[in-house]
Structure formats: structure tokens, C-alpha cells
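The sequence shown begins at 1 in our numbering and counts up by one.
Idealized CB from N, CA, C, for every residue including glycine.
Because the structure is a prediction, the values reported are computed rather than measured.
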Amino acid sequence: MRAQGAAHPAWQAELAHLADTLAVVAEESARTEAETADQARRVETLRVEAGGIFSADEQVARQVLDILRHSAHTLALSAQRPYFTRVDFTPEGGAPQTHYIGKWGVVARPAWRSVVVDWRSPVANLYYAGQLGPVHYAAPDGEVRGELTLKRHLDVEEGALRSVFDTDLASRDAYLQQALAAVAPARLREIVSTIQAEQNLVIRHPPGQSLVVQGVAGSGKTTIALHRVAWLLYALQDRLAPEHLLILAPSPLFLDYISAVLPDLGVERARQRTLRGLLDEVLGKALPRPDPGESLQDVLAMPPADRSALALRLRYMGSLRFRDAMLAYIRGLEENLAPPGALTFGPVTLFTQADLHRLLTRDLAGFPLRRRLAELQKPLKRALAQALGQVEAWLRKECDRRADALAGAMPDGPERQARMARLYASRDARLAEARAEAKRFVPQAMARFAALDPFALYLAFLRTPADALPAADRAAWALVCRRADALARAKRLPPEDVPAFCLLLRAIAGWPRQDIRHAVIDEAQDWSPFEVWLVRELAGHAPFTVVGDLMQGIHGYRGLADWDELRGGALGGADLARLVTSYRNTVEIMAFAAAVAARHALPGQARPRPVLRHGPAPQIVACADATARDAAAAARIRAWQAEGFRSIALIGRDEAECRALCRGLPELAPRLVTQKDTAFSGGLVALPAALVKGLEFDAVLLADVSADRWADDALEARLLYVCLTRPLHRLACCHIGPPSALLPREGTVP
Numbered sequence: 001m002r003a004q005g006a007a008h009p010a011w012q013a014e015l016a017h018l019a020d021t022l023a024v025v026a027e028e029s030a031r032t033e034a035e036t037a038d039q040a041r042r043v044e045t046l047r048v049e050a051g052g053i054f055s056a057d058e059q060v061a062r063q064v065l066d067i068l069r070h071s072a073h074t075l076a077l078s079a080q081r082p083y084f085t086r087v088d089f090t091p092e093g094g095a096p097q098t099h100y101i102g103k104w105g106v107v108a109r110p111a112w113r114s115v116v117v118d119w120r121s122p123v124a125n126l127y128y129a130g131q132l133g134p135v136h137y138a139a140p141d142g143e144v145r146g147e148l149t150l151k152r153h154l155d156v157e158e159g160a161l162r163s164v165f166d167t168d169l170a171s172r173d174a175y176l177q178q179a180l181a182a183v184a185p186a187r188l189r190e191i192v193s194t195i196q197a198e199q200n201l202v203i204r205h206p207p208g209q210s211l212v213v214q215g216v217a218g219s220g221k222t223t224i225a226l227h228r229v230a231w232l233l234y235a236l237q238d239r240l241a242p243e244h245l246l247i248l249a250p251s252p253l254f255l256d257y258i259s260a261v262l263p264d265l266g267v268e269r270a271r272q273r274t275l276r277g278l279l280d281e282v283l284g285k286a287l288p289r290p291d292p293g294e295s296l297q298d299v300l301a302m303p304p305a306d307r308s309a310l311a312l313r314l315r316y317m318g319s320l321r322f323r324d325a326m327l328a329y330i331r332g333l334e335e336n337l338a339p340p341g342a343l344t345f346g347p348v349t350l351f352t353q354a355d356l357h358r359l360l361t362r363d364l365a366g367f368p369l370r371r372r373l374a375e376l377q378k379p380l381k382r383a384l385a386q387a388l389g390q391v392e393a394w395l396r397k398e399c400d401r402r403a404d405a406l407a408g409a410m411p412d413g414p415e416r417q418a419r420m421a422r423l424y425a426s427r428d429a430r431l432a433e434a435r436a437e438a439k440r441f442v443p444q445a446m447a448r449f450a451a452l453d454p455f456a457l458y459l460a461f462l463r464t465p466a467d468a469l470p471a472a473d474r475a476a477w478a479l480v481c482r483r484a485d486a487l488a489r490a491k492r493l494p495p496e497d498v499p500a501f502c503l504l505l506r507a508i509a510g511w512p513r514q515d516i517r518h519a520v521i522d523e524a525q526d527w528s529p530f531e532v533w534l535v536r537e538l539a540g541h542a543p544f545t546v547v548g549d550l551m552q553g554i555h556g557y558r559g560l561a562d563w564d565e566l567r568g569g570a571l572g573g574a575d576l577a578r579l580v581t582s583y584r585n586t587v588e589i590m591a592f593a594a595a596v597a598a599r600h601a602l603p604g605q606a607r608p609r610p611v612l613r614h615g616p617a618p619q620i621v622a623c624a625d626a627t628a629r630d631a632a633a634a635a636r637i638r639a640w641q642a643e644g645f646r647s648i649a650l651i652g653r654d655e656a657e658c659r660a661l662c663r664g665l666p667e668l669a670p671r672l673v674t675q676k677d678t679a680f681s682g683g684l685v686a687l688p689a690a691l692v693k694g695l696e697f698d699a700v701l702l703a704d705v706s707a708d709r710w711a712d713d714a715l716e717a718r719l720l721y722v723c724l725t726r727p728l729h730r731l732a733c734c735h736i737g738p739p740s741a742l743l744p745r746e747g748t749v750p
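See below:
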């Protein structure tokens with residue numbers, strides 16, 4: 001590693017280059033601000049001229065204005081930190097090139113000279129993936145080969161050069177460790193200057209191919225997924241806008257946690273939802289009110305037999321086999337949509353049952369069931385009009401025949417005239433009756449068709465016999481059916497019922513079209529294959545980026561057992577990438593957490609490899625009672641705060657334990673975080689173990705890891721592993737009574 005700071009031989013040259021770059025940024029900022037003001041005036045002029053009617057010209061003008069405003073914003077950011085690295089590269093057969101790489105590209109007009117290269121550009125791969133020496137990268141025109149002669153880190157903050165050093169493999173790791181050792185902000189941060197080679201491959205995975213990422217705790221899965229979204233917007237800028245992106249996360253709290261990084265990456269207009277939030281948005285009131293179902297705390301408190309039965313039912317309901325059962329039920333609804341018998345009007349047969357079956361299952365098969373019945377009324381009304389004409393013609397003809405017979409049988413006179421009058425009056429009455437009957441006919445005929453009430457039909461589905469199911473599914477089906485009466489009384493839908501109900505709803509009423517061109521699912525290990533398949537159907541089979549860690553599957557009893565469950569049927573084919581390096585924890589914290597995971601290891605799961613960053617060993621603190629625990633917690637929190645750590649979590653087993661912690665630490669005033677919270681503010685917080693997944697903190701204290709609080713089984717091990725992998729720098733575990741058998745004993749941490 002070459003000298004840093006002012007001692008670096010290139011210090012003055014880099015100072016001069018930074019000054020030149022900032023001058024270009026200032027010039028471009030002034031030009032862009034003037035263009036923005038001109039464009040805003042043009043938009044207003046078009047609006048006034050159109051008299052309040054939104055014209056195509058105004059729409060285009062507003063789009064241009066949005067682009068200019070975004071450019072002005074990125075230039076303002078570039079004025080603070082225009083770039084973070086320099087690479088010198090000589091392509092084969094070409095002249096040497098120097099590229100400064102930053103978060104946003106900067107171009108000097110009018111010559112359109114590239115001053116700063118966007119980190120998402122192909123040439124930026126030289127920084128992320130290449131070592132000094134022979135390298136290559138993929139460009140739009142093909143592969144570019146050559147030699148990388150320099151990689152120089154440039155720390156620029158608030159427009160000032162702070163440090164300079166040239167890097168090789170060893171110094172790159174030193175730079176990474178320096179970045180990771182920093183005190184954590186309250187929320188997730190962008191990492192464009194520290195993206196590693198394995199992460200870079202995930203970010204730049206081919207846009208049209210779905211990808212599943214298995215990443216160990218602290219491998220940056222969430223951040224990398226968001227950076228992949230930013231890269232997609234850059235790589236597909238001619239056909240992809242933020243509005244076309246869908247980001248799905250486990251909770252509103254988690255969405256708020258990641259929200260800070262999205263504007264910096266230019267992704268703030270992407271749709272960010274939970275699964276339930278997305279379905280509520282798309283389906284509205286057609287979706288019954290939610291029932292939260294069994295919470296993680298409920299599951300952990302269950303006897304083993306009850307937990308096994310629950311897992312059997314939930315995993316079946318989340319499987320593609322349950323989807324297939326619903327699809328078979330829907331096919332039965334289609335086949336039996338037509339009522340028995342023909343539709344007749346008087347003596348005229350409008351449609352035989354075979355005609356109705358053909359219309360509903362073939363001619364109108366492109367429509368959902370309700371629409372089919374609505375469309376059926378069109379040919380039915382046409383056939384009815386023809387039949388009414390036939391009936392009217394017959395009545396007139398029959399009346400004329402009888403009138404001729406009467407005229408031939410009786411001489412003209414008052415009696416014949418009276419009988420003739422009665423004959424024509426009868427004809428007119430029967431014509432009126434036929435017309436009145438025709439007006440009533442269509443509603444009466446449609447009433448013969450089955451009522452398409454989604455909730456009632458879903459309950460009927462749950463009550464269907466298991467005879468047609470594979471024998472292996474019948475035990476689970478019995479558990480599913482057992483709940484039908486309770487659902488009927490509650491008229492609410494637990495999460496496990498939602499995918500099948502939505503599939504039924506699509507068959508009955510259809511779904512509004514969604515313009516989703518790429519979707520990201522975070523913490524996907526707790527999703528079921530059916531849920532992922534459902535969202536893929538909703539997204540029109542757009543490519544997906546799915547990230548998660550099976551070892552952190554705290555809802556594994558209803559989630560995934562293996563990523564292959566998603567890669568095949570649910571996603572229709574997806575590549576698999578593995579991130580095995582943990583960038584969050586110190587070596588000591590990760591070794592401690594990995595020992596807990598190893599006690600109930602998942603087959604084939606890679607052991608996390610922490611970046612070589614050391615810190616104090618995790619502390620296991622024995623406490624006589626809750627009062628002693630609170631005193632120990634307070635002492636450690638004050639010590640951590642004195643070290644400069646701002647983001648500290650007190651993790652309790654459940655919400656009740658967290659509330660007790662808050663009461664026991666009144667002077668420190670930790671903020672209680674519960675399932676109802678939708679905003680994450682950082683600082684000192686107390687939160688239940690079930691809510692910490694995906695979050696990170698400078699320091700973490702677990703309130704009570706006693707044996708009677710944490711049982712020695714696989715589900716508890718996963719939850720504890722999640723808690724232990726949240727801190728970047730410090731970890732302490734208190735226990736009141738004997739410690740949990742999940743904790744490594746002294747000398748057992750590898």
C-alpha cells in the first residue's frame with residue numbers, strides 16, 4: 001500500500017484534479033439549474049395554453065423537467081463527493097486511459113467529455129472485480145482486455161480531499177476494514193465504494209434472468225439487492241423506470257429502515273411494499289380483512305406435537321401442491337359454471353347445455369368467470385330477440401289463421417265482429433305477455449348460474465374431500481379442512497390462506513394489470529413457494545432478484561426448506577448465487593454466532609467467513625435477577641455510548657420482556673419498538689427478537705438467554721443466530737439462571 005494523505009507523491013496532482021472536477025460540476029450545475037428553470041416555465045405555459053386539459057406536449061415537457069431536476073440533484077451530490085477511486089487502464093492495442101469513478105456520472109458540455117464515470121458503467125468493473133495486471137470487462141461492443149496499472153482510493157468528503165492511497169489486494173482489505181469499522185448510521189447506507197467482487201457479480205447479473213441469492217448474515221444481501229436495482233435502472237434506462245420496479249420486504253419497519261439508501265441510488269420512486277400491502281393495493285376490498293395467524297411467539301410456546309402439526313399444515317398450504325389443488329378446484333368451477341338443462345324461451349331453445357358449456361369454457365375462456373357470465377348475456381340477448389320474434393310471428397300467424405277460419409265459418413255481423421275483436425285482443429295480450437316475459441328472462445336465466453362469491457367458494461374449496469389428492473397430502477389436507485368453520489365465523493383470512501384465495505379471486509374477477517418489469521424479494525427464506533409464484537404471476541412473469549439466508553429462516557415452519565423450491569416451479573427457472581463473506585460482524589462475534597448455528601446446522605449451508613476485523617469477544621453475563629440484569633445492561637450501554645456507539649439494540653425474547661427492560665432502564669430511556677411500528681429512528685431501542693431480522697446496530701445486548709427462555713431446538717437456534725448477528729462491534733448476552741444450551745461454552749468457539 002502506497003503512502004496516504006499529503007505524504008502521497010500524487011497528493012498535489014490529485015488536489016488539482018479534484019479542483020478541476022469541482023469546477024466542471026459547478027459549471028454543469030449552473031447550466032442545469034438554468035435549463036430546469038426554463039423548462040419549468042415551458043411546462044407552466046403549456047398548462048395555461050391547454051386550459052387545464054393535460055396534453056401530450058405537457059406530459060413530455062414534465063418528463064424532461066423531471067430528468068433535469070434529477071440531474072441537478074445528482075450534481076449537487078457530486079459537488080460533495082464527486083468520486084471515490086481512480087483506475088488507470090491500458091486496453092490491448094490502445095492508449096492508456098484514466099477513469100475517475102463516482103456514485104454519479106459527470107459529463108462536461110458542450111464536448112460531452114466524461115469527467116466522472118458512473119459506478120454502474122461497464123468500465124467500473126475494473127475497480128470492483130479487477131486486480132492490478134491483466135484484466136477484462138464486458139462492454140456493449142464486446143469484451144475489452146488490457147492491463148490495469150493503478151487503483152487509487154480517493155476519500156473526498158464535502159468537496160475536500162481527505163486521503164489518497166494506492167491499492168493492491170492487501171490494502172483493499174485494509175480500506176474495507178476501515179469502512180466497516182466506522183460507527184453505523186441509524187439506517188442502511190449505500191456501499192458503492194466498498195462493493196466486493198462476489199457482490200459485484202450479483203449486482204451485475206444478467207437483467208433478464210431471475211436470481212436467487214443465498215447470503216450469510218452480514219453479507220450485504222439487502223444492500224446488494226438495492227444496488228442491483230440501481231444498476232438495472234442504469235443498464236436498462238431506455239426501457240426501465242423506477243416505477244416499474246417492485247421491492248418487497250417483510251414489514252413496514254424494514255421498509256422504513258432501507259428507505260434512506262434508495263434516494264441516494266436514484267430508486268426512490270420504486271414501489272416498496274410488504275406482500276400484504278401489495279395485495280391490498282391491487283385487490284382492494286375484494287381481499288377479506290387479514291387475520292395475523294399464529295405469531296412466532298405462539299409457535300415457540302406450542303408443545304412439540306402441536307408445532308409439528310402446524311408446520312405440516314403451513315408448509316403444505318405454502319407449497320405448489322396446494323396451488324395445484326386450487327387450480328383443479330377452479331377447473332371444476334369452470335366445468336360446472338353452466339346450469340343443468342337448456343335455456344328456453346317458450347317453445348324456442350336458445351342454448352342447449354352443450355352450447356352453454358362451449359361458450360363458457362371455450363369461446364369465453366380468455367375472461368374471468370364473472371366476465372364470462374357478463375359476456376354470455378350478449379349472445380343470450382341476441383338469441384332472445386330472435387326467439388321473441390319467432391314467438392311474435394307465430395302468434396300473429398296463428399291469429400290470422402283463426403281469423404280466416406272464423407270469417408269462413410260465420411257471416412259478417414255483430415257476433416263475428418265481437419269474436420274477431422276478442423281474437424285480436426287475445427293475440428295482443430299474448431304478445432304483451434311474451435314481451436314482458438322477455439324483459440324478465442335474462443335476469444331470471446342468469447340467476448340459474450352459480451353465485452360467484454369468492455369467500456363462500458373458498459370455504460367450499462376447504463371442505464372438498466381429499467379423495468383426488470395424492471395420498472401424501474391427505475394428512476395435511478385434513479388439518480386444512482378442519483379450519484373451514486372457524487374461517488366462516490371470523491370472515492378473516494390468515495396469511496397462509498391468502499395465496500390460494502387470490503388465485504381463486506383471479507379466476508372469478510381477474511386482476512388489474514401491473515406494469516412490473518423487475519421485482520426484488522428480501523428476506524425470502526420466510527416466503528413460501530406459493531407466495532413467490534403468486535407475485536410472479538401478478539408481475540407478468542418479470543425477472544426476480546430474491547435474497548435471503550435459510551439459516552435465518554425464523555419462520556421456516558411455513559417458509560422454505562431449500563432454495564430449489566423457488567428456483568424451479570415458483571420462479572420458472574432462476575440462477576443461484578452464494579455470498580459467504582460476512583462484512584458486518586467482527587471475527588469474534590461471527591464465530592460466537594456460527595457456533596450457535598452449527599448446533600442445529602442446515603444441510604449444505606456454508607459457514608460464514610468474516611472479514612478479518614477483530615474486536616472484543618462477546619460477553620456472557622450471569623445475573624442473579626432482573627434487577628441485577630438491568631444494572632449490568634445499563635453499565636454496558638453507558639460504556640458503549642462512551643466509545644461513540646450510537647446505534648444500540650436491547651433485544652428481548654418477546655415484547656413483554658422488552659417492556660420490562662424499558663421500565664428497568666428509566667434513565668437511559670430506550671425506545672420500545674413493536675410490530676405496530678412503521679418507522680425506524682435508531683439510537684437506543686428495545687425490540688423483540690422476531691423484529692430484528694435484516695437490521696444492524698453498532699452494539700447489541702440480549703436481555704436473557706437463559707435455558708428456560710431459549711430451548712435447544714432448530715427454530716430457537718435460528719432465531720438466536722439472527723439476534724447474535726445484528727451487531728457490528730459489540731455483543732453481550734445476559735442470563736438469569738442457567739444459560740441456554742444453544743450458547744457456546746468457554747473454549748468451544750472456533
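- Contact between the region 720-732 and the region 638-650 is present, with at least three C-beta pairs closer than 8 Å.
- From the listed residues Gln80, Ser193, Val106, Glu33, the smallest Cα separation to leucine 126 is found for Ser193.
- Within 10 angstroms of the beta-carbon of tryptophan 112 lie fewer than 16 other beta-carbons, which makes it exposed.
- Non-local C-beta neighbours of lysine 439 in its own chain, meaning closer than 7 Å and more than five positions away in sequence, are absent.
- In this chain, the beta strand (DSSP E) harbouring phenylalanine 697 covers 697-702.
- In this structure, aspartate 467 keeps its C-beta atom at 9 Å or more from the C-beta atom of tyrosine 316.
- For the beta strand (DSSP E) assignment, the uninterrupted runs of no fewer than 3 residues enclosed by the region 715-748 are, from N- to C-terminal side, 727-736.
- By the criterion of a C-beta distance shorter than 7 Å, leucine 373 is surrounded in its chain by Met446, Phe449, once the five residues flanking it on both sides are discounted.
- For the pair proline 608 and valine 216, the CB atoms are nearer than the 9 Å cut-off.
- Here the alpha carbons of glycine 682 and leucine 469 stand approximately 50 Å from one another.
- The alpha-carbon of alanine 524 is positioned some 35 Å away from that of arginine 69.
- DSSP places glutamine 80 in the helix class (H, G or I) of the three-state scheme.
- Just so you know, the alpha carbons of aspartate 704 and leucine 300 end up roughly 16 Å apart.
- DSSP lists no bridge partner for leucine 232.
- Distance from the Cα of glycine 293 is smallest, within the candidate group Arg517, Val611, Leu487, Leu550, for Leu487.
- In this structure, histidine 357 lies near alanine 338, with their beta-carbon atoms less than 9 Å apart.
- Nearest to proline 91 by C-alpha distance, out of Phe84, Thr149, Pro250, Leu406, is Thr149.
- Look at glutamine 514 here: in three-state DSSP terms it is coil, with no helix or strand label.
- In the DSSP assignment, phenylalanine 165 falls within the unbroken beta strand (DSSP E) covering 160-166.
- Per the C-alpha coordinates, the member of Ala606, Arg558, Asp564, Glu565 positioned closest to arginine 578 is Ala606.
- Annotation: the continuous beta strand (DSSP E) that includes glycine 548 extends over 544-548.
- Take the alpha-carbon of arginine 430 and the one of leucine 395: they are about 8 Å apart.
- About 11 Å separates the CB atoms of leucine 350 and leucine 359; that is not less than 8 Å, and the two are not in contact.
- If you look at serine 114, you'll find it in the beta strand (DSSP E) that goes 113-118.
- Lysine 693 is positioned such that its CB atom lies closer than 9 Å to that of glutamine 552.
- Pro738 is the residue among Arg313, Leu719, Pro738 whose C-alpha sits nearest the C-alpha of alanine 707.
- Two segments are said to touch when three or more pairs of C-beta atoms, one from each, lie closer than 8 Å; by this definition the region 242-261 touches the region 219-230.
- Taking 8 Å as the upper bound for CB-CB distance, valine 164 and glutamate 14 are in contact here, some 5 Å apart.
- The DSSP assignment places 296-300, 304-317, 320-335, 353-358 as complete runs of the alpha helix (DSSP H) inside the region 282-361, in order along the chain (cut-off: 4 residues).
- Using a Cβ-Cβ distance cut-off of 8 Å, the region 244-251 and the region 268-280 are in contact, since at least three pairs of beta carbons, one from each stretch, lie closer than that value.
- Remark: fewer than three beta-carbon pairs, one from each stretch, lie closer than 8 Å, so the region 41-57 and the region 100-111 are not flagged as touching.
- Rounded to whole angstroms, the gap between the alpha carbons of alanine 624 and arginine 584 is 32 Å.
- Three or more beta-carbon pairs separated by less than 8 Å link the region 390-408 to the region 416-428, which places the two stretches in contact.
- Non-local beta-carbon contacts of phenylalanine 530 in its own chain, meaning distances under 7 Å to residues more than five positions away in sequence, involve Gly318, Ser319, Leu320, Phe322, Arg323, Pro499 in chain order.
- Within its own chain, the residues whose Cβ lies closer than 7 Å to the Cβ of alanine 50, once the five positions on either side in sequence are excluded, are Glu58, listed in chain order.
- Rounded to the nearest whole angstrom, the CA to CA distance from leucine 665 to leucine 310 is 38 Å.
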